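Numbering (my numbering), first residue to last: 17 to 612. Only one structure is covered here, and it is reproduced in the block below.
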Ligand code: DGT
Ligand code: CA
Ligand code: CA
């Protein structure tokens with residue numbers, strides 16, 4: 017699948033990981049290794065050995081994994097010597113191969129994605145990378161548009177055009193966009209539609225209304241009279257570069273950015289039922305349709321029907337009521353038990369932005385932030401907060417000008433001095449300390465012990481095996497001064513896949529140790545995911561929704577963190593920084609185990 021968004025890695029303890037691997041899956045890993053070796057200009061014989069072995073595995077009439085799990089030795093296979101047999105064993109037992117991971121971490125992640133574009137094999141990818149510095153689909157798209165690709169050996173004008181088309185379509189179809197990028201675009205589009213005479217309502221639906229962290233495409237629902245040509249007006253928007261489909265009641269377009277926008281036009285009287293349907297998710301739609309069936313009713317995008325009579329359709333509220341349910345907030349509409357909870361009167365009272373009393377992760381000019389201590393304090397206060405933890409980077413993160421002991425001690429004095437002047441805002445002394453490869457923390461205990469809180473994070477060695485990464489994090493979290501694990505998965509949307517690690521083990525350890533996990537609200541991070549926050553809550557682990565602000569304007573992204581927390585069913589009491597300053601201090605003084 018080209019340009020697949022990063023997905024959370026399988027955890028060894030998950031049911032999927034325990035499922036036995038098919039020969040095809042093992043062969044696919046060998047093919048990956050061959051491709052990566054090819055890009056690295058490795059010995060051609062070695063590359064061929066992996067390709068041949070992959071072919072052999074695909075042609076076998078019996079599965080290898082069952083043999084291995086039963087402890088039986090592999091039969092002799094053409095082209096599979098001792099070394100490759102060992103790799104097959106490793107893949108079946110661990111689910112992956114250390115060699116593939118090592119090779120993958122040695123090439124830019126985008127290159128691996130380029131390999132999945134039709135027409136691009138390792139040789140061509142190698143030319144793109146070495147001759148033109150192209151390492152992502154986006155860069156390939158730009159270079160093709162500028163006509164720079166046709167001149168490479170083995171390419172030409174025709175292939176360039178074919179690649180451009182494949183990349184544009186791939187980017188549009190598979191790419192998911194950060195919520196914060198999509199929101200303003202959708203706002204402009206709905207505003208444009210609202211201004212059309214005859215349009216009564218234009219509102220976003222789909223994953224955007226459910227405030228998912230990433231958005232596949234924008235869906236807009238329009239209510240208008242039958243004679244209004246909404247589609248015609250829509251496709252004439254100046255940002256539209258391609259019309260994918262156009263009918264009287266629906267249209268789909270691509271914008272210059274590659275983002276797709278779909279509209280549906282309905283009669284005002286059917287607006288509620290259509291909004292329920294197009295808000296989704298599909299799983300939620302299925303759950304409420306089943307609920308309707310149980311009641312002897314029929315539900316579709318036009319309304320709720322009893323025999324042929326429409327009993328509800330104008331408003332969402334009426335649709336849910338007709339099904340014997342209360343209105344369910346869009347963030348919960350994921351088919352994860354919300355319908356059952358609504359029936360049982362047990363829907364959560366979700367956290368809201370103004371429940372946040374502080375922010376426990378922010379940077380200043382001392383490391384890689386843009387503003388001073390005082391500017392950050394004032395901006396946090398203007399955002400409605402009462403406390404802010406200053407957590408600059410620690411010394412190992414040289415690119416971010418990380419603080420050593422002396423500079424941190426100086427900052428502690430500066431914070432004390434500033435706190436004496438501030439009114440209605442308290443700065444807490446903290447650090448975003450690097451978790452080193454072996455799980456130790458980047459600053460000595462005596463200085464960490466002088467802080468109000470210690471936020472720990474990984475900024476290096478992202479490609480350790482799941483076992484090593486998990487051990488590293490568990491060791492860091494055991495540290496006596498450790499308070500919060502920041503951006504636990506280290507994913508960057510469309511740039512870096514989540515770390516390989518046993519997240520359930522991390523959540524369990526956080527629960528036992530009483531430390532907190534961060535929900536980092538930077539639009540490109542949104543880390544942890546909603547489902548992870550939900551399982552943390554189930555195990556009694558407090559989540560800290562932090563901005564990770566690097567400039568004074570960044571506190572505005574806290575609302576994305578709150579949206580993700582709501583999708584995780586979190587309530588006010590599940591979030592550490594909804595506490596008052598004095599409650600928080602009690603909690604931190606007790607090493608996280610304080611009852612608050
Ligand atoms: P996205 O665009 O991938 O971020 O996710 P959505 O949820 O916005 O999905 P999208 O744009 O394909 O469709 C919008 C909504 O329309 C979706 O949430 C539910 C509804 N819908 C679309 N296709 C189906 C379907 O086949 N069955 C049902 N039950 N609902 C559908
Ligand atoms: Ca959508
Ligand atoms: Ca759509």
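Backbone N, C-alpha and C define an ideal beta-carbon position, used for all residues, glycine too. Every value quoted in this text rests on a predicted model; they were computed, and no experiment measured them.
Check, Outcome
"When the distance is taken between beta carbons, is residue 584 closer than 9 angstroms to residue 548?", "yes"
"Pull up the DSSP beta-bridge partners for residue 562, would you.", "536"
"Compute the Euclidean distance between the alpha carbons of residue 449 and residue 377, then round it to the nearest angstrom.", "11 angstroms"
"Which residues bound the beta strand (DSSP E) around residue 235?", "234 to 240"
"So is the beta-carbon of residue 235 under 8 angstroms away from any non-hydrogen atom of ligand 3?", "yes"
"Does DSSP put residue 611 in a helix, in a strand, or in coil?", "Reliability of the predicted coordinates at residue 611 is poor, the pLDDT of 45 falling under 50, and the value obtained from them is presented with this limitation in mind. If DSSP states are grouped into helix, strand and coil, residue 611 belongs with coil."
"Which residues in the same chain have their Cβ closer than 8 angstroms to the Cβ of residue 56, if we skip the five residues on either side of it in sequence?", "119, 122, 123"
"From which residue to which residue does the beta strand (DSSP E) around residue 269 run?", "266 to 271"
"Measure the beta-carbon distance from residue 90 to residue 80 and round it to whole angstroms, keeping in mind my assumption that it falls under 8 angstroms.", "6 angstroms"
"So what does DSSP say about residue 48, is it helix, strand or coil?", "helix"
"Under 9 angstroms, do residue 504 and residue 480 count as touching if we go by C-beta distance?", "no"
"Taking only runs of the alpha helix (DSSP H) that begin and end inside the region 493 to 544, which ones reach a length of at least 4 residues, in chain order?", "519 to 529"
"Tell whether a beta-carbon distance below 9 angstroms holds between residue 514 and residue 551.", "no"
"Can you list the alpha helix (DSSP H) stretches of 4 or more residues lying completely in the region 89 to 161, in chain order?", "98 to 110, 114 to 122, 125 to 130, 138 to 148, 153 to 161"
"Could you tell me whether the Cβ atoms of residue 234 and residue 209 are closer together than 9 angstroms?", "no"
"In three-state terms, what does DSSP make of residue 410?", "strand"
"What's the call for residue 257, buried or exposed, on a 16-neighbour Cβ count within 10 Å?", "exposed"
"Classify residue 436: buried if its beta carbon has 16 or more other beta carbons within 10 angstroms, exposed otherwise.", "exposed"
"Take residue 317 as the anchor and find which of 572, 332, 311, 310 has the nearest alpha-carbon.", "332"
"DSSP state of residue 435, grouped into three classes?", "helix"
"Quick one: does the C-beta of residue 46 sit closer than 8 angstroms to a heavy atom of ligand 1?", "no"
"Report the option in 144, 62, 603 whose CA atom is closest to the CA atom of residue 497.", "603"
"Give the range of the alpha helix (DSSP H) segment to which residue 385 is assigned.", "Taken as a continuous stretch (DSSP letters only), residue 385 belongs to no alpha helix (DSSP H), as it is neither H nor E."
"Taking residue 156 as the reference, give the member of 138, 174, 127 with the closest Cα.", "127"
"From the DSSP output, read off the bridge partner residues of residue 375.", "404"
"Work out the CA separation of residue 253 and residue 238 for me, nearest whole Å.", "15 angstroms"
"Indicate, with yes or no, if ligand 2 has a heavy atom lying under 8 angstroms from the CB of residue 274.", "no"
"For residue 328, which beta-bridge partners are listed by DSSP?", "320"
"Using DSSP bridges, identify the partner residues of residue 586.", "According to DSSP, residue 586 bridges with nothing at all."
"Could you name the residues of the same chain whose beta carbon sits closer than 7 angstroms to that of residue 581, not counting the 5 residues immediately before and after it, in chain order?", "367, 535, 549, 559, 561, 591"
"Quick test of your reading: residue 401 and residue 445, contact by CB under 8 angstroms. State the CB separation rounded to the nearest angstrom.", "At roughly 16 angstroms, the Cβ-Cβ gap does not stay under 8 angstroms, so residue 401 and residue 445 are not in contact."
"Quick check on DSSP: helix, strand or coil for residue 34?", "Only weak support exists for where residue 34 lies, its pLDDT of 49 falling under 50; the coordinates are left without a value."
"Within 10 angstroms of its Cβ, does residue 596 collect 16 or more other Cβ (buried), or is it exposed?", "exposed"
"In the DSSP assignment, find the unbroken beta strand (DSSP E) run with residue 262 in it and report its ends.", "256 to 262"
"Cα separation between residue 350 and residue 371?", "24 angstroms"
"Determine the DSSP secondary structure at residue 194, reduced to helix, strand or coil.", "strand"
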